[in-house]
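S.K.:
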Amino acid sequence: MYTNHIEMLEVAPRDGLQNEQVLIPTDQKLALIGRAIAAGARRIEVTSFVNPRAVPQMADADAVAAGLPQRDDVTYIGLVMNQRGAERALATGRIDQLGAVSVSTDTFAIANQNQTSQGSVDAAKAIILAAQAAGATGQVTIAAAFGCPFEGEVAEARVLAMAAALAEAGPFEIGLADTIGVANPAHVASLVGKVRDLIAPIPVRVHFHNTRGTGLANVWAAITAGARTVDASIGGLGGCPFAPGASGNVATEDVVYMLERAGVATGLKLAALVDASHWLGTIMGRTLPGMVARAPVFPKLS
Ligand code: ZN
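Numbering follows my numbering, in which position 236 of the sequence shown is assigned residue number 244; successive positions increment by one, without gaps.
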């Protein structure tokens, strides 16, 4: 074990909502962000600055940014795919960190962001540099790092080559995303360990979808292999409009329950996360996939 403290990054307002067909009003997105902060979240992916025709749920990115609570202790992250998105996000004056996405395969990169894999690496480096030039920070996530919905298995060598190239831009961190939920703990431990050694001292973040039930096992494997930050979504909401069959992120409350019970501090308050998950379920009008919020409280409150 490398650490007894893991940073959680809340992605419900962006990855969690982006695949929802019903448009969620801006004030409810801001209420979700407020609940995440109240539960202790200090890094939050709040929206994405992308083409609203491609992702209608994110069309209110500027309004979300304008409505963010003024908090010096919270890092607000805007996801962007290109220079235009970076300029939009930075122009709000409210986004602290740009999140770029590089995709491991050409087929998925073209479906997701109309770029080749190499083009997505070049674009991410430019986004990171643009963020730094504006006094913000930039980080990047390697999508489909453990498998591609179109091309299948993704070689570790491909991901390592991308990580090495991306590290040249000096990102705040590099994330490894299991965009379609196909990773297993052995693969995660191997790849996280190799990327960690390759890019140190740049930290590794991980992002898992629980499509096949391996999400929590993958989180544990990742942190034992040296990942510093874990993405998660309140309620286990989530999906990708451009990845067939993608389903929810690991639920924040499930990850926090597992880690805190295992002696790994997250800084998050489980009871507040469970409340937020229940609230989000009523907003979405359905039972969300996260499990801890549907289980009896344990241990019993004294
Ligand atoms: Zn995701």
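Don't be surprised by glycine CBs; every beta carbon is placed ideally from N, CA and C.
#1: Mapping DSSP to helix, strand and coil, what is ALA175?
#2: From this set, GLU18, ILE135, VAL203, SER112, which residue's C-alpha is nearest ILE188's C-alpha?
#3: Go ahead and pull the three-state DSSP assignment for VAL72.
#4: Which word fits ASN12, buried or exposed, when buried means at least 16 other C-beta atoms lie within 10 angstroms of its C-beta?
#5: State yes or no: is the C-beta of GLY152 nearer than 7 Å to some heavy atom of ligand 1?
#6: Under three-state DSSP, which class holds ASP186?
#7: Quick one: Cα of VAL63 to Cα of VAL305, how far?
#8: Expressed to the nearest angstrom, what Euclidean distance is found between the alpha-carbon atoms of LYS308 and ALA99?
#9: So HIS215 is in the beta strand (DSSP E); what residue range does that whole segment cover?
#10: Please determine, among GLN26, LEU76, VAL72, the residue with the shortest C-alpha to C-alpha distance to ARG61.
#11: Looking at C-beta atoms only, is the number of pairs between the stretch 195-210 and the stretch 239-258 that lie closer than 8 Å three or more?
#12: Closest to GLY183 by C-alpha separation, out of GLY75, PRO252, LEU106, would be which residue?
#13: Label GLN78 either buried or exposed according to how many other C-beta atoms from any shown protein chain fall within 10 Å of its C-beta, with 16 as the threshold for buried.
#14: Does the distance from the C-beta atom of ALA139 to that of ALA73 stay below 8 Å?
#15: Which runs of the beta strand (DSSP E) at least 3 residues long sit entirely within the stretch 87-114? Give them in chain order.
#16: From which residue to which residue does the alpha helix (DSSP H) around LEU25 run?
#17: Strictly by DSSP, which residues pair up with ILE85?
#18: At a threshold of 7 Å, does THR187 count as lining ligand 1 (C-beta to nearest heavy atom)?
#19: Can we count ASN27 as close to ligand 1, meaning its CB is less than 7 Å from some heavy atom?
#20: Please check the pair SER56 and ARG22, which I expect to be a contact at CB under 8 Å, by giving their CB distance rounded to whole angstroms.
#21: Output the distance between the C-alpha atoms of GLY24 and ILE291, rounded to the nearest integer angstrom.
#22: Reducing DSSP to helix, strand and coil, say where THR145 ends up.
#23: If you follow the alpha helix (DSSP H) that ASP283 is in, where does it begin and where does it stop?
#24: Determine the closest residue to THR260 out of GLY271, ARG204, ALA279, PRO249, with distance taken between C-alpha atoms.
#25: Does ligand 1 have a heavy atom nearer than 7 Å to the CB of CYS156?
#26: Under the DSSP definition of a beta bridge, which residues are partnered with THR222?
#27: If I'm right that LEU76 touches ILE41 with Cβ under 8 Å, what's the distance once you round it to whole angstroms?
#28: Examine the Cβ distances between the stretch 214-234 and the stretch 80-94 and report whether three or more of them are shorter than 8 Å.
#29: Which residues share a DSSP beta bridge with LEU17?
#30: Would you list the one or two residues that DSSP bridges to GLY160?
M.R.: The relevant details are as follows:
#1: For the purposes of this step, residue 175 is identified with residue 167 of the sequence shown, where counting begins at 1. Three-state result, ALA175: helix.
#2: Start at 1 with the first residue of the sequence shown, and residue 188 comes out as number 180. Nearest C-alpha to ILE188: SER112.
#3: Walking along the sequence shown from the start, residue 72 turns up at place 64. DSSP places VAL72 in helix when its eight states are reduced to three.
#4: Within the sequence shown, numbered from 1, the residue matching residue 12 stands at position 4. ASN12 should be labelled exposed.
#5: What you label residue 152 is simply residue 144 of the sequence shown in a count that begins at 1. Note on identity: in this sequence residue 152 is Ala, with Gly being the wrong assignment. Answer for ALA152: no, Cβ out of range of ligand 1.
#6: Numbered from 1 along the sequence shown, position 178 holds the residue referred to as residue 186. ASP186 sits in a strand when the DSSP states are folded into three classes.
#7: Residue mapping note: residue 63 aligns to position 55 of the sequence shown, counting from 1. Residue mapping note: residue 305 aligns to position 297 of the sequence shown, counting from 1. Looking at the two C-alpha atoms, the distance is approximately 37 Å.
#8: Translated into the one-based positions of the sequence shown, residue 308 becomes position 300. Translated into the one-based positions of the sequence shown, residue 99 becomes position 91. Rounded to whole angstroms, LYS308 to ALA99 spans 48 Å at the Cα level.
#9: Residue 215 sits at position 207 when you count from the first residue of the sequence shown. Taken as a continuous stretch (DSSP letters only), the beta strand (DSSP E) holding HIS215 covers 212-216.
#10: Locating residue 61 in the sequence shown gives position 53, counting from the first residue. Looking only at GLN26, LEU76, VAL72, the smallest Cα-Cα distance to ARG61 is reached by GLN26.
#11: Proximity of the stretch 195-210 to the stretch 239-258 falls short of the contact definition, fewer than three beta-carbon pairs being nearer than 8 Å.
#12: Here the question's residue 183 lines up with position 175 in the sequence shown. The shortest Cα separation from GLY183 among GLY75, PRO252, LEU106 belongs to LEU106.
#13: The sequence position of residue 78 within the sequence shown is 70, counting from 1. Looking at its Cβ environment, which holds fewer than 16 other Cβ atoms inside 10 Å, GLN78 is exposed.
#14: Counted from its first residue, the sequence shown places residue 139 at position 131. Counted from its first residue, the sequence shown places residue 73 at position 65. Contact: no.
#15: 105-111
#16: The residue given as residue 25 occupies position 17 in the sequence shown. Unbroken run through LEU25: none, as it is neither H nor E.
#17: In the sequence shown, residue 85 corresponds to position 77, counting from 1. DSSP links ILE85 through a beta bridge to GLU53, GLN105.
#18: For the purposes of this step, residue 187 is identified with residue 179 of the sequence shown, where counting begins at 1. THR187: yes, Cβ under 7 Å from ligand 1.
#19: Position 19 of the sequence shown, counted from the start, is the residue given in the question as residue 27. ASN27 has its CB no nearer than 7 Å to any heavy atom of ligand 1.
#20: In the sequence shown, residue 56 corresponds to position 48, counting from 1. In the sequence shown, residue 22 corresponds to position 14, counting from 1. With a Cβ gap of about 5 Å, SER56 and ARG22 count as contacting.
#21: Position 16 of the sequence shown, counted from the first residue, corresponds to residue 24. Position 283 of the sequence shown, counted from the first residue, corresponds to residue 291. Roughly 13 Å separates the two Cα atoms.
#22: In the sequence shown, the residue the question calls residue 145 occupies position 137. Of the three classes helix, strand and coil, the one that applies to THR145 here is strand, per DSSP.
#23: Along the sequence shown, read from residue 1 onward, the residue named residue 283 stands at position 275. From DSSP, the alpha helix (DSSP H) with ASP283 extends over 278-292.
#24: Position 252 of the sequence shown, counted from the first residue, corresponds to residue 260. Looking at the Cα atoms, ALA279 is the closest of the given residues.
#25: As a first step, residue 156 is located in the sequence shown; it is residue number 148 there, counting from the start. Every heavy atom of ligand 1 is 7 Å or more from the Cβ of CYS156, so no.
#26: In the sequence shown, residue 222 corresponds to position 214, counting from 1. None, per the DSSP bridge assignment.
#27: The residue given as residue 76 occupies position 68 in the sequence shown. The residue given as residue 41 occupies position 33 in the sequence shown. The pair is a contact, with the Cβ atoms about 7 Å apart (cut-off 8 Å).
#28: no
#29: Start at 1 with the first residue of the sequence shown, and residue 17 comes out as number 9. BP columns for LEU17 point to ASP239.
#30: Against the sequence shown, residue 160 aligns to sequence position 152. Answer by DSSP bridge pairing, in chain order: CYS156.
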